[in-house]
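Going left to right, the sequence shown walks through residues 1 to 370 as UniProt numbering numbers them.
Remarks on the structure that follows.
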Amino acid sequence: MTDNIKRIVIKLGSSVILKENGEPNSACLKALVQEMAELRRNKELIIVTSGAIGIGKTLLGVSRPKDLSEKQALAAVGQAHLIQIYENLFSQYGIKVGQVLLTREDLQGRHRYLNARNTFLSLLEHGVVPVINENDTVAVDEIKFGDNDTLSAIVASKMDADLLVILSDIEGVYRDPDKREKGVIREVVDDVANIEESATGSSGKSRFGTGGITTKIEAAKIMMSSGVPMVVARGDHPHILARIITEFSGAKTTGTWFISSKKMASRKRWIAFNAEIKGSVTIDEGAAKALKEDGKSLLPSGIKDVQGSFEQGDAVSVKDSAGREIAKGVVNYAADEVKKIAGKKTADIEQALGRKDYDEVIHRDNLVIL
């Protein structure tokens, strides 16, 4: 039933937006906007777009930026032109668009995360289609999403979308990227691990963007955890969006679909995918088993080591004795306090700190198992 789809995030890759010569692919964009305008009659749409740097290269005649500042300059020029393209195309259907440029930093703090969500909701309430891109003009490595596949997944998760559509220049996830004649995997349910190795056997890089099949698999992991269906498909196929919507509740013959029966709570999605990690705690085997298999909270008795400088309410990585990250969580105590109570029983917290605010270092409600 397509009525089950109320809100869709559509990610357009650089290879969909640009032709091989770097010029905007006007015919493809026009066809997609026509389809989106039709969908927009009874659904909310959010667009995540690539292509700004590619357009900037063409406009300024630069084949390869020599450094970060030139790349950011290309993004500034290209983004202005790109949003104008969307504005002109959607205006033919009486639809307004709103530009939103994000960095990872905008979504790391819980307050800013919720503020961004409220901005999107306000745009949708006013009938505006948000057009989102990473803010490449200011982003440095520390605050970059790195690719728009990941960005689109985070947006879809944050906005409680009913579907994420990633349009690229590939048919979907190939059974063997180096032998495409073996065909496309049509449906992946609940776990991407069984296809990850074969699917990423080749980089599968698109012509212009930073993404490839690896980034799409990472996006699928976010969607699986969020319980939001995702499909990867070729953007230049005729009526591609209509085909995808029709297949939402039926047989899958277009692209690769990732479907999960799981649904992670909003706060846990923020912890898993957006929160800035301020440090780490290493735990023993017993504590790791209690967290992973028994769904328990993290008690001080299971902690062996503490790394980083974090405060109460910060997010940290939880690692097993081999150094593998097994969880993320929000701590009830600061780093120096956790060091004092590490290895101790809950009953000994007050003696060690002079007070006992919580029994747990991380409560299971603020803990995400990876």
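Where is the CB? At the ideal position from N, CA and C, for every residue including glycine.
Per DSSP, reduced to three states, the secondary structure at G127 is coil, with no helix or strand assignment.
Within the region 220 to 270, the complete alpha helix (DSSP H) segments of 4 residues or longer fall at 240 to 247, listed in chain order. Contact annotation: the region 298 to 314 does not touch the region 245 to 264, with fewer than three C-beta pairs closer than 8 Å.
In summary, G56 is buried, with 16 or more beta-carbon neighbours lying within 10 Å of its beta-carbon over all protein chains present.
Annotation for E38: no beta strand (DSSP E) segment contains it, though the alpha helix (DSSP H) segment containing it runs 26 to 39.
The three-state secondary structure of K345, taken from DSSP, is coil. Around the beta carbon of N135, a 10 Å sphere encloses 16 or more other beta carbons of the protein chains shown; the residue is thus reported as buried. About 5 Å separates the beta carbon of E44 from that of L124, a gap short enough to meet the 8 Å contact definition.
Of the candidates D320, D357, I10, I10 places its Cα closest to the Cα of L164. In this structure Q79 is buried. Its beta-carbon is surrounded by 16 or more other beta-carbon atoms within 10 angstroms. Around the beta-carbon of D320, 16 or more other beta-carbon atoms lie within 10 Å, marking it buried.
DSSP places V281 inside the beta strand (DSSP E), whose first and last residues are 277 to 283. Taking all protein chains in view, the Cβ of T253 is surrounded by fewer than 16 other Cβ atoms within 10 Å, so the residue is classified as exposed. Using a 10 angstroms sphere on the CB of G94, the tally of other CB atoms stays under 16, which defines it as exposed.
Where A161 is concerned, there is no enclosing beta strand (DSSP E), because DSSP gives it neither an H nor an E. Residue environment: K262 is assigned as exposed (fewer than 16 neighbouring CB atoms within 10 Å of its CB, all protein chains considered).
Each residue's CA atom was taken as its position, placing L121 and D160 some 11 Å apart. Taken through DSSP and simplified to helix, strand or coil, L18 comes out as strand. Below 8 Å, enough C-beta pairs join the region 147 to 155 and the region 214 to 224 to call them touching: three or more.
Per the Cβ contact rule, the region 182 to 189 is not in contact with the region 29 to 36 (fewer than 3 Cβ pairs under 8 Å).
Within 10 angstroms of the beta-carbon of S91 lie fewer than 16 other beta-carbons, which makes it exposed.
Bounds of the beta strand (DSSP E) holding A327 are 325 to 330. Within the model, the alpha-carbon separation for L18 versus T58 is close to 10 Å. Residue state for G295 is assigned as coil, using DSSP reduced to three classes. Distance between N366 and R267, taken at the CA atoms: about 8 Å. V62 sits in coil when the DSSP states are folded into three classes, being neither helix nor strand. Excluding the 5 residues flanking it on each side, S297 has same chain C-beta neighbours closer than 6 Å at E360, H363, R364, in chain order.
Distances from the CA of R269 to each of L291, P238, K328 were compared; the closest alpha carbon is that of K328. In this structure, V129 and V100 do not form a Cβ contact; the two beta carbons are roughly 11 Å apart against a cut-off of 8 Å.
Beta-bridge pairing by DSSP links G308 to G279. Between the alpha carbons of K356 and L107 lies a distance of about 31 Å. Of the residues assessed, L167 falls on the buried side of the cut-off, its CB having 16 or more other CB atoms within 10 angstroms.
Taking the Cα of A335 as reference, the smallest distance to any Cα among G343, G323, D314, Q351 is reached at D314. The Cβ-Cβ distance between L353 and I341 falls below 8 Å. Linking R234 to G255 through their CA atoms gives a straight-line distance of about 7 Å. For K6, no beta strand (DSSP E) encloses it, and the DSSP letter there is neither H nor E.
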